[in-house]
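Worksheet: one structure, shown below.
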Amino acid sequence: MAGRYGAGGDDGRMSGAGQPRGTQTPPAPAGAAQPRGTQMPAAPAAGGGGAAGIGPDAIREFLLSSRLISDASLAAGVASRMQALDYSAQAPILRAGAAGDWLGILFRGKASVVSVNAATGAQTVLEQLRPGDLLGEVAPLLGSAHPQMVQADEPSVVLRMGADVFQALIGRDLGFAQALARRLAMRVVRLGMTALRGGGADAGGRAATATTGGG
Numbered sequence: 235m236a237g238r239y240g241a242g243g244d245d246g247r248m249s250g251a252g253q254p255r256g257t258q259t260p261p262a263p264a265g266a267a268q269p270r271g272t273q274m275p276a277a278p279a280a281g282g283g284g285a286a287g288i289g290p291d292a293i294r295e296f297l298l299s300s301r302l303i304s305d306a307s308l309a310a311g312v313a314s315r316m317q318a319l320d321y322s323a324q325a326p327i328l329r330a331g332a333a334g335d336w337l338g339i340l341f342r343g344k345a346s347v348v349s350v351n352a353a354t355g356a357q358t359v360l361e362q363l364r365p366g367d368l369l370g371e372v373a374p375l376l377g378s379a380h381p382q383m384v385q386a387d388e389p390s391v392v393l394r395m396g397a398d399v400f401q402a403l404i405g406r407d408l409g410f411a412q413a414l415a416r417r418l419a420m421r422v423v424r425l426g427m428t429a430l431r432g433g434g435a436d437a438g439g440r441a442a443t444a445t446t447g448g449g
């Protein structure tokens, strides 16, 4: 399956793409035969964060070791369509209200899912993320904007996956869909426990927010 995926990236910045900046892969000749099956769409252009210099092989191993994908060939194909981006401490990784056209996987560092009160600007940390955790997966699932902000707590690296790649992966890899369901369920449980510890009406409000997940 790995042979069905060419190196991704349309702006030369994807880690390990092997293309000079600004160089684009030439289109296939007219009438050229296409591989059978549905191909993974190309990764989105980077927007925020700097290229982390992490190649597809390292991304593939990470996807396998974190048990997000169990098939090595599929992991290689997905890795070639992902971007590794650096974020400095306190930098926003996702902004609430941003278009849900991608999600991330925390590769290195720590980050927090943050709720911002629209009236007061007060921020509440809903969840702390560690390497292997998904971020921003709810928006691509629902076809909506990201409901929460995600912020780097320390220098971090995030693997960015386009929403179209995400949807294709769910449709062709049952193991990934099951891993996603487990992580979403665990997130709801953790956030529900956090809300209960808060007590009172405020806890109820946060519990309702918790069901939206990490953006």
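By this note's numbering, the letter at position 86 of the sequence shown is numbered 320, and the numbering carries on one by one without gaps. Beta carbons are placed, not taken as given, at the ideal position from N, Cα and C, and that holds for glycine. In this text the structure is predicted, and so the values were computed from the model without any measurement.
Item	Value
Three-state secondary structure (DSSP) of residue 366	coil
DSSP beta-bridge partners of residue 346	362 and 385
Cα-Cα separation, residue 450 to residue 317	No information on residue 450 is available, as it lies outside the stretch 235 to 449 that the chain covers here.
Backbone CA spacing between residue 431 and residue 311 [nearest angstrom]	42 Å
Local Cβ density within 10 Å of residue 367, reported as buried at 16 or more and exposed below that	buried
Residue 406 versus residue 330 - alpha carbon distance	29 Å
Integer-rounded CB distance, given that residue 294 should sit under 8 Å from residue 507	With the chain covering only 235 through 449, there is no way to say anything about residue 507.
Unbroken alpha helix (DSSP H) run spanning residue 293, endpoints	290–299
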